[in-house]
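First to last, the protein sequences are chains S and V. Counting from 1, position 15 in the first sequence corresponds to residue 14 in numbering that gives the first Met the number 0; the numbering is continuous, with no gaps. Counting from 1, position 147 in the second sequence corresponds to residue 146 in numbering that gives the first Met the number 0; the numbering is continuous, with no gaps. Ideal Cβ positions, reconstructed from N, Cα and C, are used throughout, including at glycine. Source: prediction; values computed, not measured. Input: a single structure, listed below in structure tokens.
Protein chains: 2
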Amino acid sequence: MTPPTAKADQTRARILEAAMQLFREKGYEQTTMRAVADAAGVSTGNAYYYFKSKDEMIQAFYARTHTEHLAAVGAILEQGGTLEQRLLGVMRAKLDTIAPYHRFAGVLFRTAADPGSPLNPFSEESLPVRSESTDVFARVLKGSRTKLPEDLAAELPQLLWTYHMGVILFWIHDTSKGHARSYRLMEGTVGLVVKLIKLARNPLLAPVRKASLKLLREIRGDDDRPPAAA
Amino acid sequence: MTPPTAKADQTRARILEAAMQLFREKGYEQTTMRAVADAAGVSTGNAYYYFKSKDEMIQAFYARTHTEHLAAVGAILEQGGTLEQRLLGVMRAKLDTIAPYHRFAGVLFRTAADPGSPLNPFSEESLPVRSESTDVFARVLKGSRTKLPEDLAAELPQLLWTYHMGVILFWIHDTSKGHARSYRLMEGTVGLVVKLIKLARNPLLAPVRKASLKLLREIRGDDDRPPAAA
DNA sequence: GTCTATAACCGGATAGAC
DNA sequence: GTCTATCCGGTTATAGAC
Numbered sequence: 000m001t002p003p004t005a006k007a008d009q010t011r012a013r014i015l016e017a018a019m020q021l022f023r024e025k026g027y028e029q030t031t032m033r034a035v036a037d038a039a040g041v042s043t044g045n046a047y048y049y050f051k052s053k054d055e056m057i058q059a060f061y062a063r064t065h066t067e068h069l070a071a072v073g074a075i076l077e078q079g080g081t082l083e084q085r086l087l088g089v090m091r092a093k094l095d096t097i098a099p100y101h102r103f104a105g106v107l108f109r110t111a112a113d114p115g116s117p118l119n120p121f122s123e124e125s126l127p128v129r130s131e132s133t134d135v136f137a138r139v140l141k142g143s144r145t146k147l148p149e150d151l152a153a154e155l156p157q158l159l160w161t162y163h164m165g166v167i168l169f170w171i172h173d174t175s176k177g178h179a180r181s182y183r184l185m186e187g188t189v190g191l192v193v194k195l196i197k198l199a200r201n202p203l204l205a206p207v208r209k210a211s212l213k214l215l216r217e218i219r220g221d222d223d224r225p226p227a228a229a
Numbered sequence: 000m001t002p003p004t005a006k007a008d009q010t011r012a013r014i015l016e017a018a019m020q021l022f023r024e025k026g027y028e029q030t031t032m033r034a035v036a037d038a039a040g041v042s043t044g045n046a047y048y049y050f051k052s053k054d055e056m057i058q059a060f061y062a063r064t065h066t067e068h069l070a071a072v073g074a075i076l077e078q079g080g081t082l083e084q085r086l087l088g089v090m091r092a093k094l095d096t097i098a099p100y101h102r103f104a105g106v107l108f109r110t111a112a113d114p115g116s117p118l119n120p121f122s123e124e125s126l127p128v129r130s131e132s133t134d135v136f137a138r139v140l141k142g143s144r145t146k147l148p149e150d151l152a153a154e155l156p157q158l159l160w161t162y163h164m165g166v167i168l169f170w171i172h173d174t175s176k177g178h179a180r181s182y183r184l185m186e187g188t189v190g191l192v193v194k195l196i197k198l199a200r201n202p203l204l205a206p207v208r209k210a211s212l213k214l215l216r217e218i219r220g221d222d223d224r225p226p227a228a229a
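See below:
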């Protein structure tokens with residue numbers, strides 16, 4: 000068993016640290032790999048030993064915010080509360096966590112456009128990578144006392160994750176002071192989402208619900224026939 | 000009146016044509032500006048005289064599909080029909096129009112991420128550029144016999160445009176044969192959207208509707224104070 | 001003033017020696 | 001794991017031709 004090589008990890012961390020600082024100071028485009036390597040006290044070639052590309056540094060940062068978010072969210076998820084309170088707490092924590100990085104969020108978005116990226120909201124392949132992230136929303140649901148029809152409960156965590164990506168997409172383009180509009184959007188839509196969820200429990204709407212969920216599974220492609228057959 | 004064309008226009012067209020063909024054959028990343036210039040029989044420097052960047056060629060192509068879409072949609076919009084039929088026709092025409100370019104659609108998406116781009120669904124600045132595009136949806140609504148509350152009617156064209164961007168976003172990542180999933184998504188969601196619009200006319204739901212529209216105006220930011228120039 | 005070309009720049013990325 | 005040297009391609013500077 001190789002212990003997670005001590006010195007290597009430090010070097011990697013040093014490079015990432017330098018990159019983050021420079022990105023913040025000068026922005027992503029204005030920061031050259033040469034500058035990052037310099038600041039970290041390594042050669043450019045060496046920097047590429049640790050990060051396959053400049054973009055990958057951003058992804059590394061993203062992973063970091065994800066960890067921070069998980070930490071921030073622990074308390075909220077354990078203390079009970081209504082569905083709305085819980086969802087609101089988690090979403091607010093998300094916006095709070097990513098706030099310091101708004102400046103180069105555009106790159107993150109570009110990354111998300113790559114079909115192979117774990118940030119891509121639609122790709123099937125990256126689903127496993129996303130599971131930790133969707134799991135947060137599963138816990139949001141489970142901890143609330145809101146009872147849900149089974150078919151809906153199965154899909155809702157993913158749906159909420161997609162919703163949360165939509166909010167982030169807005170946030171990326173939000174130039175309002177303190178990202179006030181994003182918070183406003185989030186607060187307003189969380190309310191709508193919760194109302195909608197409660198509405199979906201109404202037995203009268205079961206046919207609509209079932210049809211919608213069927214559509215969802217179809218377009219996701221894990222419905223009945225595996226795409227190979229087609 | 001300047002007569003529509005000098006030799007310049009032809010050169011520009013030749014470059015764009017060469018670019019399109021190469022992009023299709025080899026993909027966007029694999030096509031160099033030098034190759035495009037070569038194929039068009041001009042120098043690289045000259046190619047940059049006509050297009051500020053490689054990305055701008057993609058945008059030029061996008062403008063072209065937009066024109067094609069407008070043409071394709073004319074008949075549909077003039078022949079009446081229900082709201083659902085009209086929206087379905089317009090959306091189907093859209094997917095049909097962009098189909099040949101799926102291969103490098105990812106770049107389009109990346110372009111859309113740029114806050115200054117007219118494709119960016121959220122930016123205020125680019126709203127005028129989008130107006131021709133949202134106008135199609137205004138005509139979809141106007142031609143149908145569906146009566147709408149005024150406040151909703153004012154916002155709906157833009158909302159439908161945003162919806163249509165969402166479908167395209169899905170399409171970009173859709174790897175199913177013939178983009179079947181995108182068509183399925185579109186057909187299914189058009190139905191939902193129309194149902195929702197009809198639901199919104201219900202007087203009992205007026206408070207929800209008004210609150211939602213208020214939220215929409217708030218986050219768009221044309222509510223009270225205009226943001227300072229960027 | 002509109003067009004075209006050549007040469008160079010710059011920075012992300014890679015090869016390969018140590 | 002680290003470096004140096006180099007490649008490659010988008011982009012720009014600039015000079016000249018129509």
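CB contact check: residue i to chain V, cutoff 9 Å
{"i": "L203 (chain S)", "result": "no"}
{"i": "G220 (chain S)", "result": "yes"}
{"i": "L214 (chain S)", "result": "yes"}
{"i": "G80 (chain S)", "result": "no"}
{"i": "R224 (chain S)", "result": "Only weak support exists for where R224 (chain S) lies, its pLDDT of 45 falling under 50; the value from the coordinates is given anyway. No - not a single Cβ of chain V is within 9 Å of the one on R224 (chain S)."}
{"i": "F121 (chain S)", "result": "yes"}
{"i": "A18 (chain S)", "result": "no"}
{"i": "K194 (chain S)", "result": "yes"}
{"i": "R180 (chain S)", "result": "yes"}
{"i": "R13 (chain S)", "result": "no"}
{"i": "R200 (chain S)", "result": "no"}
{"i": "A229 (chain S)", "result": "Only weak support exists for where A229 (chain S) lies, its pLDDT of 29 falling under 50; the coordinates are left without a value."}
{"i": "A36 (chain S)", "result": "no"}
{"i": "D113 (chain S)", "result": "yes"}
{"i": "S211 (chain S)", "result": "yes"}
Contact set for residue i: own chain, Cβ-Cβ below 7 Å, skip 5 residues either direction
{"i": "L94 (chain V)", "result": "W170, H178, S181, Y182, M185"}
{"i": "A38 (chain S)", "result": "A17, L21"}
{"i": "M19 (chain S)", "result": "F60"}
{"i": "G44 (chain V)", "result": "none"}
{"i": "T81 (chain S)", "result": "S143"}
{"i": "K213 (chain V)", "result": "none"}
{"i": "Q9 (chain S)", "result": "none"}
{"i": "E67 (chain S)", "result": "T96"}
{"i": "V193 (chain V)", "result": "L82, E83, L86"}
Own chain partners of residue i with C-beta closer than 8 Å, once the 5 adjacent residues on each side are dropped
{"i": "R208 (chain S)", "result": "P148, D150, L151, A199"}
{"i": "G115 (chain S)", "result": "S122, E124, S125"}
Residue i in three-state terms, based on DSSP
{"i": "F50 (chain V)", "result": "coil"}
{"i": "Y237 (chain S)", "result": "Chain S is shown from 0 up to 229; residue 237 (chain S) falls before or after that span and cannot be answered."}
{"i": "R144 (chain S)", "result": "coil"}
{"i": "T10 (chain V)", "result": "helix"}
{"i": "L18 (chain V)", "result": "The question names Leu, yet the displayed sequence has Ala at residue 18 (chain V). Helix."}
{"i": "R200 (chain S)", "result": "coil"}
{"i": "S181 (chain S)", "result": "helix"}
{"i": "T4 (chain S)", "result": "coil"}
{"i": "H163 (chain V)", "result": "helix"}
{"i": "E186 (chain S)", "result": "helix"}
{"i": "D173 (chain V)", "result": "coil"}
{"i": "S211 (chain S)", "result": "helix"}
{"i": "S125 (chain S)", "result": "coil"}
Neighbourhood of residue i by C-beta, 6 Å cutoff - its chain only, sequence neighbours within 5 removed
{"i": "F50 (chain V)", "result": "M56"}
{"i": "Y27 (chain S)", "result": "F103, V106"}
{"i": "P206 (chain S)", "result": "none"}
{"i": "V111 (chain S)", "result": "Before going on, a small fix: residue 111 (chain S) reads as Ala here, not Val. Once the five neighbours on either side are set aside, the close Cβ partners of A111 (chain S) are L118, N119."}
{"i": "E217 (chain S)", "result": "none"}
Residue i at chain S interface by Cβ criterion, 9 Å
{"i": "V207 (chain V)", "result": "yes"}
{"i": "L76 (chain V)", "result": "no"}
{"i": "G105 (chain V)", "result": "yes"}
{"i": "F60 (chain V)", "result": "no"}
{"i": "G187 (chain V)", "result": "yes"}
{"i": "I171 (chain V)", "result": "yes"}
{"i": "F22 (chain V)", "result": "no"}
{"i": "S132 (chain V)", "result": "no"}
{"i": "S52 (chain V)", "result": "no"}
{"i": "R102 (chain V)", "result": "no"}
{"i": "R63 (chain V)", "result": "no"}
Completely contained alpha helix (DSSP H) runs for the stretch 42–123 of chain V, where each covers 4 or more residues: 43–49, 53–77, 82–97, 104–112
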